[in-house]
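Numbering (my numbering), first residue to last: 546 to 683. Below is one structure, written out as structure tokens; the observations come after it.
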Ligand code: THU
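The structure is reproduced here in structure tokens:
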């Protein structure tokens with residue numbers, strides 16, 4: 546079931562993602578990303594992209610936020626806001642990681658001017674996702 550996200554919750558998440566973006570470690574791309582993930586217990590876990598001189602070792606902001614939450618016992622997510630300078634969208638790997646924990650999680654994509662450029666569910670962003678149910682035994 547898709548839950549409606551309240552305007553105030555959306556505003557707060559975008560604000561949190563915008564604020565945390567300052568901690569992005571992106572010396573190679575100079576593309577700072579901030580993410581803020583709202584759990585169904587009402588907590589917010591934030592994350593930033595963390596780049597590496599060995600480029601593929603870089604980790605995206607969205608996955609940092611999800612992994613922080615999961616490593617503290619949270620697995621049910623209501624929404625994630627992702628903020629970049631130009632409203633860029635979450636990469637495929639981040640979509641897959643989000644799908645693992647709920648295909649109906651809202652994804653709010655915003656820019657640093659505060660504009661929400663897109664809002665969709667993970668299901669919208671990753672049609673045909675490979676899910677835990679695909680591993681169910683016959
Ligand atoms: N990046 C994210 O943090 N999230 C995304 O979904 C897209 C890409 C980061 C990774 C890298 O540090 C920089 O943006 C450029 O790809």
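Just so you know, even glycine gets a beta-carbon here, dropped at the ideal spot from N, CA and C. Nothing here was measured: the structure is a model prediction, and the numbers come from that model.
Inter-residue distance for residue 567 and residue 636 is about 20 Å (C-alpha atoms, whole angstroms). Bounds of the alpha helix (DSSP H) holding residue 563 are 552-565. Residue 637: not part of any beta strand (DSSP E); member of the alpha helix (DSSP H) spanning 637-645, first to last residue. Scanning 572, 681, 653 for the CA closest to the CA of residue 600 turns up 572. For residue 598, there is no enclosing beta strand (DSSP E), since its DSSP letter is neither H nor E. Nearest C-alpha to residue 590 among 575, 561, 661, 597: 561. Closest option to residue 612, judged by alpha-carbon separation, among 655, 585, 634, 646: 646. Between the beta-carbon of residue 569 and that of residue 559 there is about 16 Å, and that puts the pair past the 8 Å contact cut. Comparing C-alpha distances from residue 674 to each of 638, 597, 653 shows the shortest one belongs to 638. When the beta-carbon positions are compared, residue 592 and residue 610 come within less than 7 Å of each other.
Residue pairing of residue 622 in beta bridges, as defined by DSSP: 584.
Here DSSP, grouped into helix, strand and coil, assigns residue 578 to coil. Scanning its chain for C-beta atoms nearer than 6 Å, with the 5 sequence neighbours on each side dropped, one finds around residue 634 the residues 654, in chain order. A distance criterion of 6 Å places the beta-carbon of residue 578 in contact range of ligand 1, judged by its closest non-hydrogen atom.
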